[in-house]
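Asker:
2 protein chains.
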Amino acid sequence: MTFGERLSAVFADRGQLCVGIDPHESLLVEWGLAGATGARDFGLRVVEAAAGRAGIVKPQVAFYERFGAAGISALEEVLAAARAAGLLVIADAKRGDIGSTMAGYAAAWTGEGPLAADAVTVSPYLGSASLAETNTTARAAGAGLFLLAATSNPEAAELQTARTASGATVAATIVERVREWNTGETLGSTGVVIGATVDLDALGLDRESLVGVPILAPGFGAQGARYADVRDLFGPATGGVLLSASRSILAAGPVDIASAIATQAAEVAEAVAA
Amino acid sequence: MTFGERLSAVFADRGQLCVGIDPHESLLVEWGLAGATGARDFGLRVVEAAAGRAGIVKPQVAFYERFGAAGISALEEVLAAARAAGLLVIADAKRGDIGSTMAGYAAAWTGEGPLAADAVTVSPYLGSASLAETNTTARAAGAGLFLLAATSNPEAAELQTARTASGATVAATIVERVREWNTGETLGSTGVVIGATVDLDALGLDRESLVGVPILAPGFGAQGARYADVRDLFGPATGGVLLSASRSILAAGPVDIASAIATQAAEVAEAVAA
């Protein structure tokens, strides 16, 4: 099965909530945990709580990498547990490099090694076409990519609204490339990252053009976007949105996180169906 | 000392050659090595050969990350050996994320952990200003950043020549941001990555504006740029260029690599002085 087909099945079975696994230093402290072992225990608890209540988890690699090899080893355990629990795993790594080097990252995150995930986020600063080979490699492994398109941080507009020679914005150019790669798929195997707090119109992004494109949308909860607004934000493309929340779920703490996930998954289901 | 001051000292003592440590799969095979242990031995041999013959090494993180935690552990050993040998180390990681997440990467690569390097490459897809806090963190640790500006791959032009609202190209906007951060420094502590095979004029990059900016310039050797052309390429900014070569040095194999580094360091010194 392709990544797009697997994502469709997860949406149908478990809904569109994506639970971030972000062992930020302040959250580790709140949870009474510390170090690489703490980040491992944090991730394993989120996986356990998500299993059966949500379909998708998104570990943020930076919060493991900060502990070096010990942190990456912890992440390997979290990824293995998530796969074993039947969760779809998106490694939020935002890697991006030239072809031969990017093959190293593709091998790491979409291959068969200990960091293998169902999909990985990638950064197109070197041009969306520079990721073509990575995209092919990922698809051959039944995995997916999410290309950064429009991010929610205020400093992003300068670059992401810049106009390419064709007159389109950088963000729109990336969506166009992804659509090309998804030709013939109902729900594509290549997605984009679009923050849930961005102004799609200011970015030159047409909602119709996003139909059938998996949209990883961080920014729900603590960053200010509300699940109830998802249809206003994405319109006809809402069916492909992964509504991603991290801090608003993780702040529930290790005891209450399972009920927080169940509650938010229900809110997401209601918002998407509205 | 600031990173800029340390880089100046290395340039004066050891010259401007930067030796890439890229344990690409095909090179590992040529060297008779395999796996994470092979990537470690490869890196340790390059460090040993570079010590006393060049001043700067640049391990490519992707080629270690592909082995997961075992690869990152190998990289930790290579980084420690390079520091112990008195080499200036640039981790070629091209990380880039929003502020709170980027703090995790800054902690990993410019902090005091096992992956600490003298500088790290970062990707500005989220806007150059999104890296301001990372830049401050790195400087506080005496470390440097190199922001991707103009890369040598053919697919890069679409995004990197796009025009921001101010009318400048994306690449020029990033150089401008770096200049701002380097205010008051003779050789800045924040640098840019500009491929040695790019057309600076087509990218809207003014050579005068690059004076005093450390320029990490991959593309020498196997990718086609020649050391002898460095003054034609970078003009008055040549004194800040790190002439980076990987495959053309590494292909010498484990026995001949020391003499290859010595020869190329001499060629670089001659080209820079010309």
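Sequence lines, in order, name chains A and B.
Numbering-wise, our numbering comes out as the position in the first sequence, counting from 1, plus 82.
Numbering-wise, our numbering comes out as the position in the second sequence, counting from 1, plus 82.
Don't be surprised by glycine CBs; every beta carbon is placed ideally from N, CA and C.
Keep in mind the model is a prediction, meaning the values are calculated, not measured.
(1) What residues in its chain sit with their C-beta under 7 angstroms from that of Arg135(A), if we drop five residues either side in the sequence?
(2) On a CA-only basis, which of Ala91(B), Thr216(B), Ile180(B) is nearest Thr272(B)? Give me that one, please.
(3) Between the stretch 124-144 of chain B and the stretch 164-178 of chain B, do at least 3 Cβ pairs fall closer than 8 angstroms?
(4) For the beta strand (DSSP E) that contains Asp174(B), what are its first and last residues?
(5) Please confirm whether Ala231(A) and Val275(A) have their CB atoms less than 8 angstroms apart.
(6) Give the range of the alpha helix (DSSP H) segment to which Ile343(A) is assigned.
(7) Just the Cα atoms here: how many angstroms apart are Ala189(A) and Gly266(B)?
(8) Check whether the stretch 326-341 of chain A and the stretch 126-135 of chain A touch, using three or more Cβ-Cβ pairs below 8 angstroms as the test.
(9) So, for Ile256(A): in the same chain, excluding its five sequence neighbours on each side, which residues have a beta-carbon less than 6 angstroms away from its beta-carbon?
(10) Could you run through the stretch 202-223 of chain A and flag, in chain order, every residue whose CB is less than 7 angstroms away from some CB of chain B?
(11) Using only the alpha-carbon positions, how far apart do Tyr146(B) and Leu241(B) sit?
(12) Can you tell me whether Ile138(A) is helix, strand or coil according to DSSP?
(13) Please determine, among Ser291(A), Arg329(A), Pro318(A), the residue with the shortest C-alpha to C-alpha distance to Gln305(A).
(14) Anything in the stretch 220-246 of chain A with a Cβ closer than 9 angstroms to a Cβ of chain B? List those residues in chain order, please.
(15) Any chance you could list the alpha helix (DSSP H) runs of at least 4 consecutive residues sitting entirely within the stretch 94-137 of chain A, in chain order?
(16) Name the residues in the stretch 278-293 of chain B whose C-beta lies less than 9 angstroms from a C-beta of chain A; which are they?
(17) Ignoring anything shorter than 3 residues or poking outside the stretch 235-281 of chain A, list the beta strand (DSSP E) runs there in chain order.
(18) Please determine, among Arg96(B), Ser90(B), Arg289(B), the residue with the shortest C-alpha to C-alpha distance to Ala351(B).
(19) Where Glu112(B) and Ala118(B) are concerned, what is the direct C-alpha to C-alpha distance, given to the nearest angstrom?
(20) Show which residues of chain A have a CB atom less than 7 angstroms away from the CB atom of Val252(B).
(21) Could you tell me if Gly335(A) is buried or exposed, where buried requires 16 or more neighbouring beta carbons within 10 angstroms of its beta carbon?
(22) Evaluate Pro300(A) with the Cβ neighbour count: other Cβ atoms within 10 Å of its Cβ, from every protein chain shown; 16 or more gives buried, anything less gives exposed.
(23) Considering only the alpha carbon of each residue, which of Phe124(B), Leu315(B), Leu213(B) lies closest to Gly102(B)?
(24) What whole-angstrom Cβ distance do Gly195(B) and Arg148(A) have, given they're in contact under 8 angstroms?
(25) For chain A, is any of its Cβ atoms less than 8 angstroms away from the one on Phe124(B)?
(26) Please return the same chain residues whose Cβ sits closer than 7 angstroms to the Cβ of Arg245(A), not counting the five positions on each side in sequence.
(27) By DSSP, does Ile297(A) sit in helix, in strand, or in coil?
(28) Under 8 angstroms by Cβ, that's how I've got Ser326(A) and Val280(A) pegged, so tell me the actual separation to the nearest angstrom.
(29) What is the DSSP secondary structure of Ser210(B), counted as helix, strand or coil?
(30) Going by C-alpha to C-alpha distance, which of Thr218(B), Ala239(B), Ala152(B), Leu197(B) sits closest to Ala162(B)?
(31) When the distance is taken between beta carbons, is Ala254(A) closer than 8 angstroms to Leu287(A)?
(32) Determine the burial state of Val92(A): buried for a count of at least 16 other Cβ atoms within 10 Å of its Cβ, exposed for fewer.
(33) Sorted by chain position, which residues of the same chain lie with C-beta nearer than 7 angstroms to Leu282(B)'s C-beta, five sequence neighbours on each side aside?
(34) Could you give the C-beta distance for Gly322(B) and Val295(B), rounded to a whole number, given that I count them as a contact under 8 angstroms?
(35) According to DSSP, is Thr203(B) helix, strand or coil?
(36) Distance, Cα to Cα, Ala164(A) vs Ala175(A)?
Answerer: By the coordinates alone:
(1) Ala340, Ile343, Ala344, Ala347
(2) Thr216(B)
(3) yes
(4) 170-177
(5) yes
(6) 335-355
(7) 43 angstroms
(8) yes
(9) Pro206, Ser210, Leu229, Ala231
(10) Ser205, Pro206, Tyr207, Leu208, Gly209, Ala211, Ser212
(11) 28 angstroms
(12) strand
(13) Arg329(A)
(14) Leu230, Thr233, Ser234, Asn235, Pro236, Glu237, Ala238, Ala239, Glu240, Leu241, Gln242, Thr243, Ala244, Arg245, Thr246
(15) 107-112, 117-132
(16) none
(17) 272-276
(18) Arg96(B)
(19) 15 angstroms
(20) Leu241, Ala244
(21) exposed
(22) buried
(23) Phe124(B)
(24) 7 angstroms
(25) no
(26) Thr251
(27) strand
(28) 13 angstroms between Cβ atoms; not a contact.
(29) helix
(30) Leu197(B)
(31) yes
(32) buried
(33) Arg289
(34) 6 angstroms
(35) strand
(36) 17 angstroms
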